[in-house]
Amino acid sequence: MEISKITPVLKAYLWGGKKLNEYGKQSAGPIAESWEFSLHSDGLCRSRGKTLLSLLEQENFRSLGEGIRPENTPIIKFIHAAQPLSVQVHPLPEKGGKNELWIVLEAEPGSFIYCGEKSPETEQETDESVENILCRLRKIPVKKGDTYFIPAGTVHAMGQGLTVLEIQQFSNCTYRLFDYGRTDANGRSRPLHWSQAQEAYRDGKQQPVAVPFFRVRKEEIKSSRFLPPQKTFSTITVTEGKGIAGSLALRKGDTLFIPCQTPVMLNGNFEAVFVSPEKETRTGGKQPR
Ligand SMILES: [Zn+2]
17 MEISKITPVL
27 KAYLWGGKKL
37 NEYGKQSAGP
47 IAESWEFSLH
57 SDGLCRSRGK
67 TLLSLLEQEN
77 FRSLGEGIRP
87 ENTPIIKFIH
97 AAQPLSVQVH
107 PLPEKGGKNE
117 LWIVLEAEPG
127 SFIYCGEKSP
137 ETEQETDESV
147 ENILCRLRKI
157 PVKKGDTYFI
167 PAGTVHAMGQ
177 GLTVLEIQQF
187 SNCTYRLFDY
197 GRTDANGRSR
207 PLHWSQAQEA
217 YRDGKQQPVA
227 VPFFRVRKEE
237 IKSSRFLPPQ
247 KTFSTITVTE
257 GKGIAGSLAL
267 RKGDTLFIPC
277 QTPVMLNGNF
287 EAVFVSPEKE
297 TRTGGKQPR
């Protein structure tokens with residue numbers, strides 16, 4: 017495969033808004049999430065009219081890098097919470113769940129997240145009823161530029177007024193504990209999954225250390241920057257400004273797929289988040305002339 021601009025998958029969950037329009041995402045209704053990179057069947061990103069997954073399948077996933085399969089790839093999303101997200105927990109990766117990383121791109125005054133508990137390791141902690149988990153949640157004020165790692169098994173929620181880039185493992189499994197009593201346009205409430213959530217919460221306590229799963233870095237490009245070929249694929253998501261990657265124009269909100277062993281020259285003035293699988297190592301390519 018070549019370096020490709022990715023066509024995202026937009027999700028119109030009930031807590032979305034209009035903010036992602038500013039990131040080039042267009043839809044008649046509100047947008048909650050824009051899946052910028054995903055080989056997951058719940059949201060297959062596209063390129064040149066085909067799904068990225070089918071393009072990669074045609075070449076036996078060679079562009080991902082040696083030993084990298086779709087299930088080793090991240091899902092990368094822009095998320096805008098016009099309303100708070102449900103209080104939720106994800107099971108451990110070995111049980112089909114995920115770790116998540118949030119990079120806060122914008123935060124309205126007073127924004128916060130819930131993540132984990134106020135005072136872990138206390139005796140009260142043994143009470144695992146949903147009510148008790150909810151009232152022990154730690155509320156963290158957040159601002160633009162903050163980054164949070166949400167290990168699988170951690171009860172968490174995004175408050176309203178936040179725009180986030182989320183990098184997470186290959187899973188779309190979420191157990192909801194609390195949804196503020198909300199209903200959709202048809203008057204239906206979304207299901208809660210208390211017993212599964214309690215199990216994920218217990219598993220999370222027994223495995224307090226999460227292993228690294230992706231390499232993520234945020235960088236400001238000023239004028240030009242050469243990216244040498246890598247052993248694995250990588251992605252670039254532009255969060256501010258504009259520029260050019262090879263011959264492709266880039267602007268705020270765009271995501272690029274860079275196949276393994278592919279050098280790229282970046283030009284312009286922009287801020288971007290670079291993601292690659294943890295196995296990445298440089299292969300010592302030379303700068304093109
Ligand atoms: Zn989550």
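Residue numbering for the sequence shown is 17 to 305, as defined by the numbering used here.
Just so it is clear, CB atoms sit at the ideal spot from N, CA and C, and this is done for glycine as well.
(1) Counting only runs of 3+ residues fully inside the stretch 45–111, write out the beta strand (DSSP E) ranges in chain order.
(2) Is any heavy atom of ligand 1 found at a distance shorter than 8 Å from the C-beta of H96?
(3) From S79 to I237, what does the alpha carbon distance come to, in whole angstroms?
(4) How about E306 and P228: do their beta carbons lie closer than 9 Å?
(5) Out of curiosity, what's the CA-to-CA distance linking A28 and A97?
(6) Please list, following the chain, all residues that have a C-beta closer than 7 Å to any non-hydrogen atom of ligand 1.
(7) Are L101 and M174 closer than 9 Å when you measure CB to CB?
(8) With a cut-off of 8 Å on the beta carbons, I'd call S187 and K247 a contact; round off their distance for me.
(9) What are the uninterrupted segments assigned as beta strand (DSSP E) that are 3 or more residues long and contained completely in the stretch 222–289, given in chain order?
(10) By the DSSP assignment, the beta strand (DSSP E) with E133 in it spans what residues?
(11) Please say whether K93 and E182 have beta carbons closer to each other than 9 Å?
(12) With DSSP as the reference, identify every bridge partner of H172, one or two as the case may be.
(13) List the residues that DSSP assigns as beta-bridge partners of T179.
(14) Go ahead and label F242 buried or exposed: buried means 16 or more other beta carbons lie within 10 angstroms of its beta carbon, across all protein chains shown.
(15) Going by CA-CA distance only, name the one from L69, I91, E73 that's closest to C189.
(16) Between the beta-carbon of I22 and the beta-carbon of G32, is there less than 9 Å?
(17) According to DSSP, is E18 helix, strand or coil?
(18) Among E49, K41, V120, R233, which has the Cα closest to the Cα of I95?
(19) Grab the span of the beta strand (DSSP E) containing V25 for me, first residue to last.
(20) Determine, using beta-carbon pairs with one atom in the stretch 211–223 and one in the stretch 248–261, whether at least three such pairs fall under 8 Å.
(21) Beta-carbon separation of D195 and V103 under 9 Å?
(22) Where does R192 sit, in a helix, a strand or coil, going by DSSP?
(23) Does the beta-carbon of N88 have 16 or more other beta-carbons within 10 angstroms, so that it is buried, or is it exposed?
(24) Alpha carbons only, please: which of N283, C276, L193 is nearest the one belonging to G262?
(25) Given a cut-off of 9 Å on the beta-carbon distance, is the pair T179 and E18 in contact?
(26) Mind checking Q303: buried by the 16 CB within 10 Å criterion, or exposed?
(27) Determine the closest residue to G45 out of E52, W51, N37, with distance taken between C-alpha atoms.
(28) Note the first and the last residue of the continuous beta strand (DSSP E) segment covering L153.
Looking at the coordinates:
(1) Those beta strand (DSSP E) runs which fall completely within the stretch 45–111 and span 3+ residues are 49–53, 91–97, 103–105.
(2) No.
(3) Answer to the nearest angstrom: the Cα atoms are 25 Å apart.
(4) A query on residue 306 cannot be resolved here, the shown segment of the chain reaching from 17 to 305 and no further.
(5) C-alpha separation (whole angstroms): 11 Å.
(6) These are the residues, in chain order, with a beta carbon less than 7 Å from any non-hydrogen atom of ligand 1: Q104, H106, E116, I166, H172, T190.
(7) Their beta carbons are under 9 Å apart, which means L101 touches M174 by this criterion.
(8) Contact doesn't hold; Cβ gap of about 24 Å is too wide.
(9) List check, beta strand (DSSP E) in window: 230–243, 250–261, 264–267, 271–274.
(10) For E133, the uninterrupted beta strand (DSSP E) run begins and ends at 128–133, by DSSP.
(11) Note that the C-beta distance between E182 and K93 is below 9 Å.
(12) Bridge partners of H172: Q104, C131.
(13) H96, E122, per the DSSP bridge assignment.
(14) F242 is exposed by the Cβ-count criterion.
(15) The residue with the shortest Cα to Cα distance from C189 is I91.
(16) The criterion of a C-beta distance shorter than 9 Å is not satisfied by I22 and G32.
(17) Shown here, E18 sits in coil according to DSSP, grouped into three states, outside any helix or strand.
(18) Taking only the C-alpha atoms, the option nearest I95 is E49.
(19) Per DSSP, V25 is one residue of the beta strand (DSSP E) stretching across 25–27.
(20) Short answer: they don't touch.
(21) It is a contact, given that the beta carbons lie within the stated cut-off.
(22) It is a strand residue.
(23) With 16 or more Cβ atoms within 10 Å of its Cβ, N88 is classed as buried.
(24) Minimum Cα-Cα distance from G262 among the listed residues N283, C276, L193 corresponds to N283.
(25) No. Outside cutoff.
(26) The predicted position of Q303 is uncertain, since its pLDDT is 36 and thus under 50; no value can be drawn from it.
(27) Distance from the Cα of G45 is smallest, within the candidate group E52, W51, N37, for N37.
(28) 153–157 is the span of the beta strand (DSSP E), which, as asked, contains L153.
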